[in-house]
Each structure stands twice: as C-alpha cells, then as structure tokens.
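First comes the structure, then the notes that go with it.
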Amino acid sequence: MKNLEKSVLIIAIAIGSMAFTTPVKKSINPEKSSIDWKGEKVLGTHTGTISLQEGHLEMDANGITGGKFIVDMNTITVTDLEGGSKGKLEGHLKSDDFFGVKNYPTASLVINSAKKTDYGYDVSANITIKGITEPISFVLSEHEDGTMTTKLVIDRTKFDVRYGSGSFFDNLGDKTISDDFKLDVKLAF
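Start counting at 1 in the sequence shown, then tack on 249, and there's your number in the working numbering.
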C-alpha cells in the first residue's frame, strides 16, 4: 500500500510540475477587446475602430511565450464623421487605395518573443497587412483588471498603403496623409 501511495504522490507531483512548464493558450474575448485607430493628415485627423476577430497569448509560468491575433479588416469604422462622409471614408479605407479588404479581409500579428519587465512586456512580433509581413516591437502593459494594453505606431507605406503619402507623391499640399497611423489596443480575456 505504501508503494501505491508513493506512486500516486510522485505522479501528482509530476503532473503539477507539468502544469507550470507546459504553455497554455489564453484566448481573448473579442467583444470586450478593442482597437481604436487614428490617422493624421495636414489639415486634421480621422479616428475609428476595427475589431479583433480572434486571438490568444501563449503563456507559461514565466509569462508570455508567443501569441497570435487576427483583425477583421471588414470592420473598419470611422467615428469622427457621420452620414455620407462617414460611409465614403469607410469605403475608401476598405478600397485598394488603402487596405484592399476584398482581397485581404484579415490582418495578423504573431508574437515572436516577449520579455517580462516591471511594466508588462517588451514584445517583438511580426505584423501582416495586405499580405506583407514586417517586424514590430512594442510594450504590452498588464492591468489589475486582467486586461492588457498597447499603443502601436505603424508605417502604412511598408504595407503598400501609399495613397496620399508625401513620401511617394509630390505636390499633394494639404491633401498629404501621414505615413504613420496609430492603434490603441485593449485585450480582454
């Protein structure tokens, strides 16, 4: 009987140890997560939202080891305009001039590595927009309510989104649109 008890104890310890070393997936709640975007031009800014379709973090006892997030590009909305102007800009952003959502309905971010810090994580990842993948680094902050947030600045021209870019077109004047757009991301689990 003592051998059986020892065997059960050893198995329990082994299983318990595996729980701390085996990476687990921590899935996001897309309805509670959010992405707010901001694009700037010479004479002002536009703001809006876009939805996460799905995503997860891969974690072990030491923190984040990886992850993947998919954005539904068809959900691009404009929040600073109303009526026809809102619909016109949303349609333009979804067109081939910008994100070409008919051919590229999703964008993705894949975490390659994450280093735990006092404020959260320093993350290195690959982001794919319009089928083009580029590296990106950012800070992912943890909050007491269990959410995580980050702010990303993305150079759209690296993803063949060149419409209105002063880096590629001359004489745009006050029609020039900044190459960078900003994302304010909240991940809820």
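Positions of the beta carbon are idealized from the N, C-alpha and C atoms, including for glycine.
Roughly how far, in whole angstroms, is the beta-carbon of residue i from the beta-carbon of residue j, given that I think they are within contact range, below 8 angstroms?
i, j, result
"residue 305", "residue 277", "7 angstroms"
"residue 349", "residue 326", "Not confirmed; about 17 angstroms, so no contact."
Just to confirm, is the Cβ distance from residue i to residue j under 8 angstroms?
i, j, result
"residue 371", "residue 405", "no"
"residue 434", "residue 399", "yes"
"residue 357", "residue 319", "yes"
"residue 353", "residue 380", "yes"
"residue 302", "residue 355", "yes"
"residue 329", "residue 295", "yes"
"residue 369", "residue 391", "yes"
"residue 436", "residue 282", "yes"
"residue 288", "residue 426", "yes"
"residue 410", "residue 347", "yes"
Leaving out five residues before and five after residue i in sequence, what residues of the same chain have Cβ atoms less than 6 angstroms from its Cβ?
i, result
"residue 272", "307, 309, 314"
"residue 324", "299, 300"
"residue 402", "429, 431"
"residue 365", "312"
"residue 373", "361, 362, 386"
Apart from the five residues just before and just after residue i, which ones in its own chain have a Cβ nearer than 7 angstroms to its Cβ?
i, result
"residue 258", "Interpretation of residue 258 is limited by its pLDDT of 49, a score under 50 that renders its predicted location unreliable; no figure is taken from the coordinates."
"residue 275", "305, 306, 308, 438"
"residue 342", "325, 348"
Near residue i, what residues of its chain come up, given a Cβ to Cβ distance below 8 angstroms and the 5 sequence neighbours on each side ignored?
i, result
"residue 338", "295, 327, 330"
"residue 317", "304, 305, 357, 358, 359, 360"
"residue 375", "358, 359, 361, 382, 383, 384, 385"
"residue 279", "300, 301, 302, 303, 304"
Within 8 angstroms (strictly less), CB to CB, does residue i reach chain E?
i, result
"residue 382", "Looking for chain E here will not work: only one protein chain is present."
Legend entry - At least 3 beta-carbon pairs within less than 8 angstroms: the region 360-370 vs the region 322-342: As far as the Cβ criterion goes, the region 360-370 does not touch the region 322-342, which means the pair count is below three.
Inset, instruction - Can you check the region 306-357 for any beta strand (DSSP E) of at least 3 residues that lies completely inside it and give the ranges in chain order? - result: Scanning the region 306-357 from its first residue to its last, the whole beta strand (DSSP E) runs of 3-plus residues come out as 312-327.
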